[in-house]
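Residue numbers (the numbering used here), protein chains in the order written: chain A, 44 to 258; chain B, 6 to 15.
For every residue, glycine included, the Cβ atom is placed at its ideal position computed from N, Cα and C.
Being a predicted model, the structure only gives us computed values, none of them experimental.
For reference, the structure discussed in these notes is given below.
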Amino acid sequence: MNIFRLAGDMTHLLSIIVLLLKIQATKSCAGVSLKTQELYAVVFVTRYLDLFYSFISLYNTVMKIIFLLTAFTIIWYMRKHKVVCQTYDKEQDTFRVLFLIVPCFVLALLVNHEMSVTEVLWTFSIYLEAVAILPQLVLLQRTKNVDNLTGNYIFMLGSYRALYLVNWVYRYFTELGYRQWIVWVSGTVQTCVYLDFFYYYVQAWRNNERMKLPG
Amino acid sequence: FKLREDKDEL
Chain A
44 MNIFRLAGDM THLLSIIVLL LKIQATKSCA GVSLKTQELY AVVFVTRYLD LFYSFISLYN
104 TVMKIIFLLT AFTIIWYMRK HKVVCQTYDK EQDTFRVLFL IVPCFVLALL VNHEMSVTEV
164 LWTFSIYLEA VAILPQLVLL QRTKNVDNLT GNYIFMLGSY RALYLVNWVY RYFTELGYRQ
224 WIVWVSGTVQ TCVYLDFFYY YVQAWRNNER MKLPG
Chain B
6 FKLREDKDEL
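Next up, the structure:
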């Protein structure tokens, strides 16, 4: 494992910790999209089915379990915690997730490495992760004002993807015959989804003001 | 059964 990959994973982990801390400390999930969190849960469940039949490393297994547990913890807070769930912007968080899930699934059936249940589901999770942040970005666009923690959460998620891109470039030059087109193309799409957000995030940071999205 | 390279990524 190279340093970019490790940094990417740590940024991903940190983004989740930031989100959980925001929810726990402020007892509020205002500005957080439950749809995006549920999509991530679907992504992790369909991708990490290999926990049952393969072992890569202790690091790999532990990280997978952490991602799964934290995803469901966040969902639990947003749906069941009696204080937090009242701060959820249900009326604003109306993205139709089936418009993401169905095309990703059809694409996974058409473009995959092997026509098996676990392989198609794994491919589906790669495609779905690329677009899972969209409900969150739409919610931000609607509520306009972005609180610091939510902004940092999305910024870290985007950074994690950018670091994965660098990791792939590094691996391409250091590992003989290393190619993975499905992951590369989806990962590039996924990183591009964040570009607009990055622009406004950096602008707010440079001007030392609270982040605002244009209408 | 050999895992593909990318399967070691999260």
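Of the residues A/Lys255, A/Glu252, A/Ala175, A/Met254, the one placed nearest A/Val232, counting alpha carbons only | Position 189 of the first sequence holds residue 232 of chain A. Of A/Lys255, A/Glu252, A/Ala175, A/Met254, the residue nearest in Cα terms is A/Ala175.
Could you check which residue in A/Ile117, A/Cys72, A/Met158 has the C-alpha nearest to that of A/Asn191?
-> Along the first sequence, read from residue 1 onward, the residue named residue 191 of chain A stands at position 148. Per the Cα distances, A/Cys72.
Compare the Cα-Cα distances from A/Val228 to each of A/Leu208, A/Gln246, A/His156 and report the closest residue.
-> Here residue 228 of chain A refers to the residue found at position 185 of the first sequence. Of the listed residues, the one whose Cα sits closest to A/Val228 is A/Leu208.
Check distances from the C-beta atoms of the region 90 to 122 of chain A to those of chain B and list, in chain order, the residues that come in under 9 Å.
-> Within the region 90 to 122 of chain A, contact with chain B at the beta-carbon level (separation under 9 Å) is assigned to Arg90, Tyr91, Asp93, Tyr96, Ser97, Ile99, Ser100, Asn103, Met106, Lys107, Phe110.
Which of the three DSSP states, helix, strand or coil, is assigned to A/Asn250?
-> In the first sequence, counting from the first residue as 1, residue 250 of chain A sits at position 207. Note: A/Asn250 maps to coil in three-state DSSP.
Interface positions of the region 212 to 226 of chain A facing chain B (Cβ-Cβ less than 9 Å), listed along the chain | Taking 9 Å as the Cβ-Cβ cut-off against chain B, the residues of the region 212 to 226 of chain A that qualify are Arg214, Glu218, Gly220, Tyr221, Arg222, Gln223, Ile225, Val226.
Compare the Cα-Cα distances from A/Gly194 to each of A/Arg48, A/Val61, A/Ile46, A/Phe47 and report the closest residue.
-> Counting from one through the first sequence, the residue named residue 194 of chain A turns up at place 151. For the residues A/Arg48, A/Val61, A/Ile46, A/Phe47, the minimum Cα distance to A/Gly194 belongs to A/Val61.
CB-CB length for A/Val127 against A/Ile66, believed under 8 Å | Here residue 127 of chain A is taken as the residue at index 84 of the first sequence, counted from 1. Here residue 66 of chain A is taken as the residue at index 23 of the first sequence, counted from 1. A/Val127 to A/Ile66, Cβ: 6 Å. Contact.
Ignore the nearest five residues each way along the sequence and tell me which others in A/Arg48's own chain have a CB closer than 6 Å to its CB.
-> Counting from one through the first sequence, the residue named residue 48 of chain A turns up at place 5. Closer than 6 Å at the Cβ level, and outside the excluded window around A/Arg48, lie Asn210.
Tell whether a beta-carbon distance below 9 Å holds between A/Cys147 and A/Leu182.
-> Within the first sequence, numbered from 1, the residue matching residue 147 of chain A stands at position 104. Within the first sequence, numbered from 1, the residue matching residue 182 of chain A stands at position 139. Contact flag unset, no.
Between the CA atoms of A/Leu77 and A/Ser251 - distance to the nearest angstrom = In the first sequence, residue 251 of chain A corresponds to position 208, counting from 1. In the first sequence, residue 77 of chain A corresponds to position 34, counting from 1. Correcting the residue identity first, residue 251 of chain A is Asn in this sequence and not Ser. Here the alpha carbons of A/Leu77 and A/Asn251 stand approximately 29 Å from one another.
Do A/Leu63 and A/Thr130 come within 9 Å of each other at the CB atom, strictly closer than that value?
-> For the purposes of this step, residue 130 of chain A is taken as the residue at position 87 of the first sequence. For the purposes of this step, residue 63 of chain A is taken as the residue at position 20 of the first sequence. Cβ atoms of A/Thr130 and A/Leu63: not closer than 9 Å.
If we count the other Cβ atoms within 10 Å of its Cβ and call it buried at 16 or more, is A/Val189 buried or exposed?
-> Translated into positions along the first sequence, residue 189 of chain A becomes position 146. A/Val189 comes out buried.
Out of A/Val226, A/Ser202, A/Ala84, A/Arg122, which has the shortest C-alpha to C-alpha gap to B/Asp11?
-> As a first step, residue 11 of chain B must be located in the second sequence, where it is residue number 6. Ranking the options by Cα distance to B/Asp11, first place goes to A/Val226.
Kindly indicate if chain B contains any beta-carbon less than 9 Å away from that of A/Arg35.
-> Look at the range of chain A in this structure, 44 to 258, and you will see that residue 35 of chain A is not part of it.
Under a three-way DSSP split, which group does A/Lys255 fall into?
-> The residue given as residue 255 of chain A occupies position 212 in the first sequence. A/Lys255 falls in the strand class under three-state DSSP.
Closer than 9 Å to chain B by CB, A/Met199 = As a first step, residue 199 of chain A is located in the first sequence; it is residue number 156 there, counting from the start. No - not a single Cβ of chain B is within 9 Å of the one on A/Met199.
Does DSSP classify A/Asn210 as helix, strand or coil?
-> Within the first sequence, residue 210 of chain A is the residue found at index 167, counting from 1. Reduced to three states, the DSSP call for A/Asn210 is helix.
Roughly how many whole angstroms lie between the Cα atoms of A/Phe240 and A/Phe198?
-> Here residue 240 of chain A refers to the residue found at position 197 of the first sequence. Here residue 198 of chain A refers to the residue found at position 155 of the first sequence. Annotation: A/Phe240 to A/Phe198 spans about 8 Å, alpha carbon to alpha carbon.
C-alpha distance - A/Ser58 paired with A/Leu177, whole-angstrom precision = Taking the first sequence and counting its residues from 1, one reaches residue 58 of chain A at position 15. Taking the first sequence and counting its residues from 1, one reaches residue 177 of chain A at position 134. Cα to Cα, A/Ser58 sits roughly 17 Å from A/Leu177.
Terminal residues of the alpha helix (DSSP H) in which A/Ala175 lies | For the purposes of this step, residue 175 of chain A is taken as the residue at position 132 of the first sequence. It is not in any alpha helix (DSSP H) - A/Ala175 carries neither H nor E in the DSSP assignment.
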